[in-house]
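Undergrad: Residue numbers (the UniProt record's numbering): 1 to 218. Think of the CB as a built atom: it goes at the ideal place given N, C-alpha and C, for glycine as much as any other residue. Below is one structure. I have some questions about it.
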């Protein structure tokens, strides 16, 4: 009889194990809690990725719009324009020197609005500091507007006597910036060409001018 009782006790322990405190139910609860935490984290990561994708799409659209605005022709990149196209645009544009450092595009447009319809006003700034360089470019809708604006040369703008001359077109391969600096051999780096920034973005290279041909703001 004792042996039979021991066997029954063994079988009972085998079929009905103790749970030792929290037991199996507690383990399942912990596992479910961890799964929920992982799902929450994954959901937050998906939301962050969706927001990042929206931001990238918006940035791409803004860059396309600025490219079109910078060319005067929507959708055409500056690098794709031919020299002839640039000359046509520059033929309607002027260089304005000795511009007050606190001047805004709106103030320049107001000063020249009587000459003709204006398509774009560009105040050049240093690409490192963002400070104005003291000169600007104004692009008119018609060549007559550019010609009329030349009469405002030496006029007073914000207390300064400005210089107004036709804008020149940079031609590939014709630039004094291709020469190495003095005191350096042929392998020396060319002089730094400072680029202007159209309101909110980087523009093209500042045109080079012969000494004495145009007013220098420095």
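Considering Cα atoms alone, identify which of 40, 139, 59 and 131 is closest to residue 115.
TA: When each option's Cα is compared against that of residue 115, the closest is 139.
Undergrad: Can you tell me which of 86, 99, 131 and 52 puts its alpha carbon nearest to the alpha carbon of residue 159?
TA: Checking every option, the nearest Cα to that of residue 159 belongs to 99.
Undergrad: Is the beta carbon of residue 121 closer than 8 Å to that of residue 132?
TA: Cβ distance not < 8 Å, so residue 132 and residue 121 don't count as in contact.
Undergrad: According to DSSP, is residue 142 helix, strand or coil?
TA: Here residue 142 sits in coil by DSSP.
Undergrad: How many angstroms separate the CA atom of residue 91 from the CA atom of residue 50?
TA: Each residue's Cα considered, the two are about 46 Å apart.
Undergrad: Three-state secondary structure (DSSP) at residue 99?
TA: Three-state result, residue 99: coil.
Undergrad: With a cut-off of 8 Å on the beta carbons, I'd call residue 137 and residue 95 a contact; round off their distance for me.
TA: With a Cβ gap of about 6 Å, residue 137 and residue 95 count as contacting.
Undergrad: Which residues in the same chain as residue 153 place their Cβ atom closer than 8 Å to its Cβ, once the five residues preceding and following it in sequence are excluded?
TA: Excluding positions up to five away in sequence, the list reads 162, 163, 164 and 165.
Undergrad: Going by DSSP, name the residue or residues bridged to residue 166.
TA: In the DSSP output, where bridge partners are listed per residue, residue 166 has 94.
Undergrad: Just curious, the alpha helix (DSSP H) that residue 108 is in, first and last residue?
TA: Taken as a continuous stretch (DSSP letters only), the alpha helix (DSSP H) holding residue 108 covers 105 to 112.
Undergrad: My guess is that residue 141 and residue 117 are in contact by the Cβ rule of under 8 Å, so how many angstroms apart are they, rounded?
TA: Between residue 117 and residue 141 the Cβ distance is about 4 Å, and since that is below 8 Å, they are a contact.
Undergrad: Please state the DSSP three-state secondary structure of residue 128.
TA: In this structure, residue 128 counts as coil in the three-state DSSP scheme.
Undergrad: Let me make sure I understand the geometry here. Which of 127, 169, 112 and 124 has the alpha-carbon closest to that of residue 145?
TA: Comparing Cα-Cα distances from residue 145 to each of 127, 169, 112 and 124, the minimum goes to 112.
Undergrad: DSSP three-state call for residue 88: helix, strand or coil?
TA: Correct three-state label for residue 88: helix.
Undergrad: Under 6 Å Cβ to Cβ from residue 157, same chain only, skipping five residues before and after it: list those, please.
TA: Within the same chain, residue 157 has close Cβ partners 111.
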